[in-house]
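Worksheet: one structure, shown below.
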Amino acid sequence: MNQENLTIQREEIDRIDRKIVALLAERTQVVKNIMVLKTNEDSVRSIDRVQQVMDKVAKLAEENGLEPQIAVSTYETLITVLTDMQLEYLHLRQQSDESLV
Ligand SMILES: C=C(O[C@@H]1C=C(C(=O)O)C=C[C@H]1O)C(=O)O
Numbered sequence: 001m002n003q004e005n006l007t008i009q010r011e012e013i014d015r016i017d018r019k020i021v022a023l024l025a026e027r028t029q030v031v032k033n034i035m036v037l038k039t040n041e042d043s044v045r046s047i048d049r050v051q052q053v054m055d056k057v058a059k060l061a062e063e064n065g066l067e068p069q070i071a072v073s074t075y076e077t078l079i080t081v082l083t084d085m086q087l088e089y090l091h092l093r094q095q096s097d098e099s100l101v
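Under UniProt numbering, think of the first position of the sequence shown as 1, with each following residue one higher.
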């Protein structure tokens, strides 16, 4: 690959990254909308829903010619971070509720 071609391909990656991060921000905002409705740890962890999302993502990867492991491990990391964020929010809310009684 010559230098010019490399530069073009990297610009393509930069363009795609801008889209991915914008979509991640949009998706995270929806998770935050749901987060305020959750009142306990089980609903935050939503094990069945997480499994559903992971299955869906693995299938979508295959349909798009992507190695499923790339999508699956990306989503495992994403959902771990989002679950931790929701747990932290839930615990902070529970603490502030306790301080009111
Ligand atoms: C957003 C939710 O909560 C969490 C985040 C999920 C996600 O990022 O898709 C899925 C399950 C939950 O851990 C949900 O219950 O749908």
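Think of the CB as a built atom: it goes at the ideal place given N, C-alpha and C, for glycine as much as any other residue.
All values reported here derive from a predicted model rather than from experimental measurement.
Each residue's CA atom was taken as its position, placing Ala-58 and Glu-67 some 9 Å apart.
Membership of Asn-5 in the alpha helix (DSSP H) is indicated by the continuous run 3 to 35. Residue side-chain check: Met-1 keeps its Cβ at 8 Å or more from all non-hydrogen atoms of ligand 1. In this structure the segment 45 to 59 does not lie against the segment 6 to 13, because fewer than three pairs of beta carbons, one per stretch, are closer than 8 Å. With a cut-off of 8 Å, the C-beta of Leu-78 is classified as near ligand 1, since at least one heavy atom of the ligand falls inside that distance.
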